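Asker: So that we are looking at the same thing, I have put the structure below in structure tokens.
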Amino acid sequence: MPTQRLFDRINSVHLQQVTKQYGEHVAVKQLDLEIQGGELLILIGPSGSGKTTTLRMINRLIEPDEGVITINDHNIMDFDPVRLRRNIGYVIQDIGLFPHMTIRENIGLVPRLEGWSGQEISDRVRHLLDFVSLSPESFMDRYPRQLSGGQQQRIGLARALAMDPPLLLMDEPFGALDPILRKQLQDEFNIIKQEIGRTILFVTHDIDEAFKLGDRIGIMSDARLIQIGTPEELILHPENELVSDIVDAKKKFKHMDTLRVKDMMSPITDTYLFDAGMTAQDAVKRMTQTNVELAIVLDNSVPVGYVEMAHLVQQIYYDVTLRDIVEPIPIFSSNDHIASALEKLKDRGGSLGLVMEAERPSGLFFLNDVLLRLI
Amino acid sequence: MVIFSVITDATVEHIILAYSALFVSIVIAIPLAFASLYSTRLASIVIKFANLAQAVPSFAVVAIVVPLIGIGFTPAVIAIMLRALLPIIKNTYIGLSNIDPLFIEYAKGIGLTDWQINRYIRIPNAYPAMFAGIKFAAILANSIAILTAIIGSGGLGELVFEGLIAFNTDKILAGALPAIILAFFIDVSFSILERILTPVYLKS
Numbered sequence: 000m001p002t003q004r005l006f007d008r009i010n011s012v013h014l015q016q017v018t019k020q021y022g023e024h025v026a027v028k029q030l031d032l033e034i035q036g037g038e039l040l041i042l043i044g045p046s047g048s049g050k051t052t053t054l055r056m057i058n059r060l061i062e063p064d065e066g067v068i069t070i071n072d073h074n075i076m077d078f079d080p081v082r083l084r085r086n087i088g089y090v091i092q093d094i095g096l097f098p099h100m101t102i103r104e105n106i107g108l109v110p111r112l113e114g115w116s117g118q119e120i121s122d123r124v125r126h127l128l129d130f131v132s133l134s135p136e137s138f139m140d141r142y143p144r145q146l147s148g149g150q151q152q153r154i155g156l157a158r159a160l161a162m163d164p165p166l167l168l169m170d171e172p173f174g175a176l177d178p179i180l181r182k183q184l185q186d187e188f189n190i191i192k193q194e195i196g197r198t199i200l201f202v203t204h205d206i207d208e209a210f211k212l213g214d215r216i217g218i219m220s221d222a223r224l225i226q227i228g229t230p231e232e233l234i235l236h237p238e239n240e241l242v243s244d245i246v247d248a249k250k251k252f253k254h255m256d257t258l259r260v261k262d263m264m265s266p267i268t269d270t271y272l273f274d275a276g277m278t279a280q281d282a283v284k285r286m287t288q289t290n291v292e293l294a295i296v297l298d299n300s301v302p303v304g305y306v307e308m309a310h311l312v313q314q315i316y317y318d319v320t321l322r323d324i325v326e327p328i329p330i331f332s333s334n335d336h337i338a339s340a341l342e343k344l345k346d347r348g349g350s351l352g353l354v355m356e357a358e359r360p361s362g363l364f365f366l367n368d369v370l371l372r373l374i
Numbered sequence: 000m001v002i003f004s005v006i007t008d009a010t011v012e013h014i015i016l017a018y019s020a021l022f023v024s025i026v027i028a029i030p031l032a033f034a035s036l037y038s039t040r041l042a043s044i045v046i047k048f049a050n051l052a053q054a055v056p057s058f059a060v061v062a063i064v065v066p067l068i069g070i071g072f073t074p075a076v077i078a079i080m081l082r083a084l085l086p087i088i089k090n091t092y093i094g095l096s097n098i099d100p101l102f103i104e105y106a107k108g109i110g111l112t113d114w115q116i117n118r119y120i121r122i123p124n125a126y127p128a129m130f131a132g133i134k135f136a137a138i139l140a141n142s143i144a145i146l147t148a149i150i151g152s153g154g155l156g157e158l159v160f161e162g163l164i165a166f167n168t169d170k171i172l173a174g175a176l177p178a179i180i181l182a183f184f185i186d187v188s189f190s191i192l193e194r195i196l197t198p199v200y201l202k203s
């Protein structure tokens, strides 16, 4: 029997004086926290600060010892836990795709338990795969281990959205990915976030990620919430040393004119370098094996541009080489000034540049990343 | 010369003996393995007993049944079962419990009930191990069903023992050869079944 929808939209999720203890160890202490409807609230803090415990108390994977948690003013302890969880999307760092199920079965598991028909499930899976920029035809019937880390993480998100839950809990969803892939997925997620327009609680330990994605950021330390506010509030009015350390408030004083491209780039290895003569199909295969989703294309060792996994997968059924589909990329020297590099990027309307050092590609230069670090 | 119908009758008897013991073992072992999942005490008893019983020679198991239950077909089934039960329990338990707790936790987090976690996550992951246990148990049952002739189970073992006592090579072969062929047949048929039943994701 289909589970009833508990709420169509979230007005607020409220934690009041919530405490969780494991023996002597206090995981969360007298926490007061409000997640407002429609916002993306980040919880950040060192490991062991209680952020994951907080998140898992909301879907009752952990039950508080003291205090009350309400969603739209209903105490969550009054709901059946299974029903509550089916109304809340859940994404975790390790993704947790079931290895014995295809992508369709993974995404469709809860809908199936809810009694959806096969056709309804397939339609929903297709829609969600499109939504996370994976082509349904090439992915629906594959198994998780045939996918790269980035693709798996996208599936993890699609699966969490299967029942169209009004509330999403995301526990370090990009934590296991390498830095460049993480940035790509963050950018994508930022776009998706607007479209899905739902309430999200997001746990991370990466302050750049917090600034990039969060509407508000809550800083936790030693089982307590230290300060909560918008990124600007935290940077301009940090409550104490700890907060200013975490948000690195000093960086607003960094002098932009002393910085060079190499200070701000994300270094790349040979894994990211693909030959222009490679077919799209081989490129996808290699990306999946090496767990990258973006590659610099070299023609006779000269960089001619870049390709992204999301575009490549649409090309694998055509007989094309990277030379045919490569996107141009502006090239910088590692000693260029940040200011001039930003200007050049702005003129080109791009958000990504390639950094060369001694005739070799040495790094990638992300516009968003640079802006964030400069604040 | 041994009459052909004697061999076929003995073979049928042997198959009935071995497979009814195997069937009873499966029926008992799988629920017991499941129960062990929910009780660490039961699990440790079951696994310890399984390891111990595997160390006891098959012939000793057959012999010990006689003072306890007597002789005949049923005691023979019980003797075979005692040996066949354990690989199935052990493998099923290992298959069911060897799953990454992360998957169980996540399944719970998206709203699966305990029963659904078993049905959709644990059991499919345990198939290969369960199957390996049953295959091993089938081979064991086939070989012990020869030994049990000594406690009056009938079957191919009876021909073998009679042949041995009478120095009748024809009779020994009449019992031993079908048993060897059966063993081959079990191994091959289970290997084929295994290939068919192995989940696609485990095939390379």
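So the sequence lines, in the order shown, correspond to chains E and L.
FYI, numbering that gives the first Met the number 0 numbers position 295 of the first sequence as 294, with every residue one higher than the one before it.
FYI, numbering that gives the first Met the number 0 numbers position 192 of the second sequence as 191, with every residue one higher than the one before it.
Note that the Cβ used here is the ideal one computed from N, Cα and C, for glycine as well.
Treat the numbers as computed from the prediction; the structure is a model and nothing was measured.
Residue 79 of chain E: which of L/108, L/74, L/97 and L/67 sits nearest, CA to CA?
Answerer: The shortest C-alpha separation from residue 79 of chain E is found at L/108.
Asker: On the criterion of 16 or more Cβ atoms from any shown chain inside 10 Å, does residue 345 of chain E qualify as buried, or is it exposed?
Answerer: exposed
Asker: Let me confirm a value: residue 153 of chain E is counted as buried when at least 16 other C-beta atoms fall within 10 Å, else exposed. Which label applies?
Answerer: By the 10 Å Cβ count, residue 153 of chain E comes out buried.
Asker: Short of 9 Å Cβ to Cβ, which residues in the stretch 87-118 of chain L face chain E?
Answerer: 99, 101, 102, 104, 105, 106, 107, 108, 109, 110, 111, 112 and 115
Asker: Which one of L/19, L/48, L/197 and L/9 has the shortest CA to CA distance from residue 131 of chain L?
Answerer: L/197
Asker: Check residue 306 of chain E in the structure and name its three-state DSSP category.
Answerer: strand
Asker: Using only the alpha-carbon positions, how far apart do residue 283 of chain E and residue 98 of chain E sit?
Answerer: 21 Å
Asker: Measuring alpha carbon to alpha carbon, tell me which of E/228, E/58, E/89 and E/343 ends up nearest residue 171 of chain E.
Answerer: Of the candidates E/228, E/58, E/89 and E/343, E/89 places its Cα closest to the Cα of residue 171 of chain E.
Asker: Nearest by alpha-carbon distance to residue 207 of chain E: which of E/130, E/329, E/365 and E/309 is it?
Answerer: E/365
Asker: Could you check whether residue 23 of chain L and residue 150 of chain L sit closer than 8 Å to each other, using their CB atoms as the reference points?
Answerer: no
Asker: DSSP beta-bridge partners for residue 228 of chain E?
Answerer: According to DSSP, residue 228 of chain E bridges with E/216.
Asker: Of the residues that make up the stretch 90-109 of chain E, which ones have a beta carbon closer than 7 Å to any beta carbon in chain L?
Answerer: 91, 93, 95, 97, 98, 99, 108 and 109
Asker: Can you pull the chain L neighbours of residue 81 of chain E, defined as C-beta to C-beta under 8 Å?
Answerer: 110, 111 and 112
Asker: Give me the residue from E/357, E/358 and E/342 with the minimum Cα distance to residue 351 of chain E.
Answerer: E/342
Asker: Going by DSSP, which residues form a beta bridge with residue 355 of chain E?
Answerer: E/332 and E/360
Asker: Below 8 Å on the Cβ atoms is my guess for residue 183 of chain E versus residue 292 of chain E; work out the distance and round it to an integer in Å.
Answerer: 6 Å
Asker: What are the residues of the stretch 116-143 of chain L that lie near chain E, defined by any Cβ-Cβ distance shorter than 9 Å?
Answerer: Cβ proximity to chain E below 9 Å picks out 119, 120, 123, 124 and 126 from the stretch 116-143 of chain L.
Asker: Residue 218 of chain E to residue 203 of chain E, Cα distance in whole Å?
Answerer: Whole-angstrom Cα-Cα distance: 10 Å.
Asker: Go through its chain and collect everything with a Cβ distance to residue 52 of chain E's Cβ below 7 Å, but skip five positions before and after it.
Answerer: 19, 26, 27 and 61, listed in sequence order.
Asker: Could you have a look at residue 139 of chain E and say whether DSSP puts it in helix, strand or coil?
Answerer: Three-state result, residue 139 of chain E: coil.
Asker: Given a cut-off of 8 Å, decide if residue 191 of chain E and residue 138 of chain E are closer than it, judged by their beta-carbon atoms.
Answerer: no
Asker: Closest Cβ-Cβ distance between residue 85 of chain E and chain L: below 8 Å?
Answerer: Answer yes: the Cβ-Cβ gap between residue 85 of chain E and chain L drops below 8 Å somewhere.
Asker: Counting only the same chain and skipping the five closest in sequence on each side, list residues whose C-beta sits under 7 Å from that of residue 274 of chain E.
Answerer: 297
Asker: Measuring CB atoms only, is the stretch 185-196 of chain L touching the stretch 119-134 of chain L, in the sense that at least three cross pairs come out at less than 8 Å?
Answerer: yes
Asker: For the beta strand (DSSP E) containing residue 40 of chain E, list its first residue and its last residue.
Answerer: 39-43
Asker: Determine the DSSP secondary structure at residue 252 of chain E, reduced to helix, strand or coil.
Answerer: Low per-residue confidence applies at residue 252 of chain E: pLDDT is 49, beneath 50, and the placement is therefore not dependable, though the value from the model is reported in the following sentence. Residue state, collapsed to three classes: helix.
Asker: Could you check whether the Cβ of residue 268 of chain E sits closer than 7 Å to any heavy atom belonging to the ligand SAM?
Answerer: What this structure holds is no ligand at all, so the ligand SAM is not there to describe.
Asker: Would you list the one or two residues that DSSP bridges to residue 15 of chain E?
Answerer: E/67
Asker: Considering only residues of the stretch 144-189 of chain E, which uninterrupted beta strand (DSSP E) runs meet the minimum length of 3 residues and lie entirely inside it, listed in chain order?
Answerer: 166-170
Asker: With distance defined between alpha-carbon atoms, name the residue in E/44, E/266 and E/303 nearest to residue 276 of chain E.
Answerer: E/303
Asker: Do residue 159 of chain L and residue 171 of chain L come within 8 Å of each other at the CB atom, strictly closer than that value?
Answerer: yes
Asker: Any beta carbon from chain L within less than 8 Å of residue 112 of chain E's own beta carbon?
Answerer: yes
Asker: For residue 298 of chain E, write down the residues that DSSP places opposite it in a beta bridge.
Answerer: E/301
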